[in-house]
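Engineer: Here it is, the structure in full.
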């Protein structure tokens, strides 16, 4: 119990002036995901300049801070829900915006990353690389992991899939050598080549470690995709880990804006908000075309590397060493599209990346993606995405804080 005013995280005044709004951030600083949320909150604060926040170093397993018992603040953004926190909020009438993703019941205004979209993006990434056997490595009792698994499973439902799960946090977590042996045994019996979605980058690193122990070649035999795009963690993996990139910064920004509106007396939204991921950041752990047919694998790799140079289907057939009709048959069989459609698909993917990450004009992007005329980029882009390049760029900007 906090009894002295000096021990309160927020003094009642500062040089005779009361702080406008006192906000507690119960967000883990131990993960890149939590830190990106804090970056988004900080961006909102720089716009409004009327919050004084309290933040202490913590992770998801920490108990609630003892000072909450006697704290008299204006609002909380929390990733650490508990019945005690809910009881305190109900009794004090302090508004809480929840970013918790480890449970399903949502008693407060709630925001979280769209886990279904994360699972679907990872599945699309692996399917496009020709994988037809899949695995999901997750954590038990974690709702976010289960949601990603269910979406991934649905997206690859035409093909075999296997699952591995173990506890993530707490005293029930088994020693790493024991888990490594178990994980390696699971990977060894997967039909190869296999594409694995690890529920986060921590699990992805563990999968890569297990592959190394079993001398399983990554990405040729097993391709691995994590989630969170923790650049430090992904780049120290061997090979570097591909990862789905959630928009945690936008999540934090939207959470701060929502709490601000609630503290101003506005009604909270009736529906919870899911924040869409930014995409898949491809690194060496999944940068491969997983096709047992060597000629087809060569053709798809050539398309991927040269589509934006204006190549033709005849050029692909010549490089591959097969007739055009044979190439057409093989590509249709594995990808359910023609070689020309695959070339356009790669070009539009590159155009989307440039629209999202650069300030280049659409005309410049058309040239860089292998389109001789910008008008044709518009035609193909709208046919494949149902929106124009300009509308796509606008949507991307709206997704950023």
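In this note's numbering, the protein residues as written are 355 to 755.
From the three backbone atoms N, C-alpha and C, an ideal C-beta is built for every residue, glycine too.
With a floor of 4 residues, list each alpha helix (DSSP H) that falls wholly inside the segment 600 to 634, ordered by position along the chain.
Structural biologist: 602 to 617
Engineer: Look up residue 347 in the DSSP assignment and say whether it is helix, strand or coil.
Structural biologist: Missing from the structure shown is residue 347; the chain here goes from 355 to 755 and no further.
Engineer: What is the DSSP secondary structure of residue 735, reduced to helix, strand or coil?
Structural biologist: helix
Engineer: Closest to residue 422 by CA distance: which of 378, 433, 611 and 520 is it?
Structural biologist: The closest CA to that of residue 422, considering only 378, 433, 611 and 520, is found on 378.
Engineer: Using 8 Å for Cβ pairs, my map puts residue 558 next to residue 509. What's the rounded Cβ distance?
Structural biologist: Not quite, the Cβ-Cβ distance comes to about 18 Å (not below 8 Å), so this is no contact.
Engineer: Give the C-beta separation of residue 561 and residue 593 to the nearest angstrom, bearing in mind that I take them to be a contact with Cβ-Cβ under 8 Å.
Structural biologist: In fact, because the Cβ distance is near 12 Å, the residues do not count as touching under 8 Å.
Engineer: Taking C-beta to C-beta, are residue 623 and residue 467 nearer than 7 Å?
Structural biologist: no
Engineer: Beta strand (DSSP E) containing residue 466: first to last residue?
Structural biologist: 465 to 467
Engineer: Do residue 750 and residue 701 have their C-beta atoms closer together than 7 Å?
Structural biologist: No, the Cβ-Cβ distance between residue 750 and residue 701 is not below 7 Å.
Engineer: If I'm right that residue 630 touches residue 477 with Cβ under 8 Å, what's the distance once you round it to whole angstroms?
Structural biologist: Beta-carbon to beta-carbon, residue 630 and residue 477 are separated by about 16 Å, too far to satisfy the 8 Å threshold.
Engineer: Would you decide whether residue 501 is buried or exposed? Buried here means 16 or more other CB atoms lie within 10 Å of its CB.
Structural biologist: buried
Engineer: Report the rounded CA-to-CA distance for residue 715 versus residue 747, giving the unit in angstroms.
Structural biologist: 11 Å
Engineer: Looking at residue 428: is its Cβ nearer than 7 Å to the Cβ of residue 617?
Structural biologist: Residue 617 sits close to residue 428, with the two beta carbons spaced by under 7 Å.
Engineer: For residue 480 versus residue 549, is the C-beta spacing smaller than 7 Å?
Structural biologist: yes
Engineer: Consult DSSP for residue 714 and reduce its assignment to one of helix, strand or coil.
Structural biologist: Residue 714 falls in the coil class under three-state DSSP.
Engineer: With DSSP collapsed to three states, give me the class of residue 543.
Structural biologist: coil
Engineer: Determine the DSSP secondary structure at residue 648, reduced to helix, strand or coil.
Structural biologist: If DSSP states are grouped into helix, strand and coil, residue 648 belongs with the helices.
Engineer: For the pair the segment 516 to 532 and the segment 490 to 500, tell me if three or more CB-CB distances fall below 8 Å.
Structural biologist: yes
Engineer: Tell me whether the beta-carbon of residue 382 lies closer than 7 Å to the beta-carbon of residue 414.
Structural biologist: yes
Engineer: Taking the alpha carbon of residue 448 as the reference point, which residue from 740, 454 and 424 has its own alpha carbon closest?
Structural biologist: 424
Engineer: What does the alpha-carbon distance come out to for the pair residue 704 and residue 727?
Structural biologist: 16 Å
Engineer: Considering only C-alpha positions, which residue in the set 436, 404 and 406 is nearest to residue 416?
Structural biologist: 436
Engineer: So which of 605, 532, 738 and 647 has the shortest CA-CA distance to residue 691?
Structural biologist: 738
Engineer: Whole-angstrom Cβ separation of residue 576 and residue 634, contact assumed at under 8 Å?
Structural biologist: Not really, about 17 Å apart at Cβ, beyond 8 Å.
Engineer: Going by the CB atoms, is the gap between residue 537 and residue 564 shorter than 7 Å?
Structural biologist: yes
Engineer: How big is the Cα-Cα spacing for residue 433 and residue 729?
Structural biologist: 47 Å
Engineer: Confirm, please, whether the CB-CB distance from residue 650 to residue 672 is below 7 Å.
Structural biologist: no
Engineer: Tell me which residues share the same chain as residue 394 and place their Cβ nearer than 8 Å to its Cβ, disregarding the 5 neighbours each side in the sequence.
Structural biologist: 602, 603, 604, 605, 606, 607, 608, 609, 610 and 755
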